[in-house]
Amino acid sequence: MKYWLLKSEPKSYSIDDLKRDKQTLWDGVRNYQARNLIRDTIEKGDLVLFYHSNTEPIGVFGIAEVVSDAYPDPTQFDPKDHHFDKTAKRDNPRWYVVDVKFKEKFKHPITLAEIKNDPAFTGMPLIQKGQRLSVQPVSKKHFDHILNIAK
DNA sequence: GCCAACGTTGGC
DNA sequence: GCCAACGTTGGC
Numbered sequence: 002m003k004y005w006l007l008k009s010e011p012k013s014y015s016i017d018d019l020k021r022d023k024q025t026l027w028d029g030v031r032n033y034q035a036r037n038l039i040r041d042t043i044e045k046g047d048l049v050l051f052y053h054s055n056t057e058p059i060g061v062f063g064i065a066e067v068v069s070d071a072y073p074d075p076t077q078f079d080p081k082d083h084h085f086d087k088t089a090k091r092d093n094p095r096w097y098v099v100d101v102k103f104k105e106k107f108k109h110p111i112t113l114a115e116i117k118n119d120p121a122f123t124g125m126p127l128i129q130k131g132q133r134l135s136v137q138p139v140s141k142k143h144f145d146h147i148l149n150i151a152k
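Start counting the first sequence at 2; every next residue gets the next number (this note's numbering).
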């Protein structure tokens with residue numbers, strides 16, 4: 002099993018939205034590196050840290066589970082959608098999604114400040130300078146440590 | 001609101 | 001293929 006961190010701005014989709022919906026497709030990823038991870042590496046059964054960016058507080062708010070393999074992102078074909086991509090063809094999709102299911106929301110978020118201040122998180126991609134990927138791998142060690150703090 | 005970091009686009 | 005211009009991300 003592998004572990005991931007997925008970023009979302011709560012204004013567009015928050016952990017409370019996922020809790021309400023129970024499950025959603027993680028659409029709108031328009032970065033090739035993130036796309037490759039979704040298409041080629043993320044698998045059903047992997048676990049996800051749900052991260053809120055561009056908000057207060059910033060941090061990890063809970064856990065979700067990947068419940069599908071990758072499939073084409075429907076929003077790339079929808080001219081009315083903000084994520085429409087006119088260069089994407091149905092027989093040659095450019096962007097992919099996976100389905101994720103709500104697992105739990107932490108009582109208190111693990112904030113970015115806490116993560117930065119905790120030596121146990123040294124080397125985590127999230128806190129590398131200039132790291133902006135919205136889909137990031139997380140090591141088992143870092144994932145478990147997040148859970149330990151959350152309990 | 002600012003701006004550093006990074007990705008993409010397009011002229012040449 | 002280079003690189004300037006531009007757009008986006010996202011912390012502060």
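Here a beta-carbon is modelled for each residue, glycine too, at the ideal position from N, C-alpha and C. The structure presented is a predicted model; accordingly, all values stated were derived computationally and were not measured.
- Here P94 has P73 as same chain residues with Cβ atoms under 6 angstroms from its own Cβ, once five neighbours each way along the sequence are excluded.
- Taking R40 as reference, the option from L148, W96, Q137 with the minimal CA-CA separation is W96.
- Bounds of any beta strand (DSSP E) do not take in D145; it lies within the alpha helix (DSSP H) bounded by 141-151.
- Excluding the 5 residues flanking it on each side, K106 has same chain C-beta neighbours closer than 7 angstroms at I16, K20, F62, G63, in chain order.
- Taken through DSSP and simplified to helix, strand or coil, Y4 comes out as strand.
- Between the alpha carbons of D82 and T76 lies a gap of roughly 6 angstroms.
- Excluding five sequence positions before and after P58, the CB atoms of its chain that fall closer than 7 angstroms to its own CB belong to P110, T112, given in chain order.
- It is roughly 22 angstroms from the alpha-carbon of H53 to the alpha-carbon of T42.
- Rounded to whole angstroms, G46 and E66 show a C-alpha spacing of 6 angstroms.
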